[in-house]
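Numbering (the working numbering), first residue to last: 2 to 124.
Where a beta carbon is used, it is the ideal one built from N, C-alpha and C, also for glycine.
Note sheet for the following structure.
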C-alpha cells in the first residue's frame, strides 16, 4: 500500500485533547504509522479490531475529517482487507465508518455483496 499523502510525527503519541496539534500532517502520520504497525504484526479480525479500538479510542468524526482523504481510504481499506466490516459507498463518509468501528463489541457479519466486492478487489 503506497501512501500518497504528507505526514509528520509518525510514531509520536498524539494528544487528541490538544487542538493545536491536531493538524492534517500529524493525524496522517498517526494513521500511517498505526497501519504499518498492524501490517508488521499481521493483525486481522478480532485482534485488529481490539488494537484499532485501543489506538483510536476517543477519536471523533471531526478528528478523522482533518486527515487527508487518502489516509482515510488507506485506513478503511486495510481494515476491510483484514476482516473488519465497514459500511461504505456513495454518500457515506469514511470518517463516520471509522468512528462506528470504535463502538463494535464484536466482528460484524459481512453482507454477501460486500464479500464478493472484496474478493474482486485488488489488494
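Coarse secondary structure for residue i, derived from DSSP in three states
i, result
"residue 68", "coil"
"residue 99", "helix"
"residue 39", "helix"
"residue 32", "helix"
"residue 56", "helix"
Spatially closest choice to residue i from the options, by CA coordinates
i, options, result
"residue 34", "96, 121, 76, 12", "12"
"residue 112", "77, 92, 84, 96", "84"
Contacts around residue i, its chain only, beta-carbon distance under 7 angstroms, and the 5 residues preceding and following it disregarded
i, result
"residue 116", "none"
"residue 69", "6, 25, 29"
Residues near residue i by beta carbon distance below 8 angstroms, same chain, minus five either side
i, result
"residue 77", "87, 89, 95, 98, 99"
"residue 46", "83, 84, 85, 108"
"residue 60", "17, 99, 100, 103"
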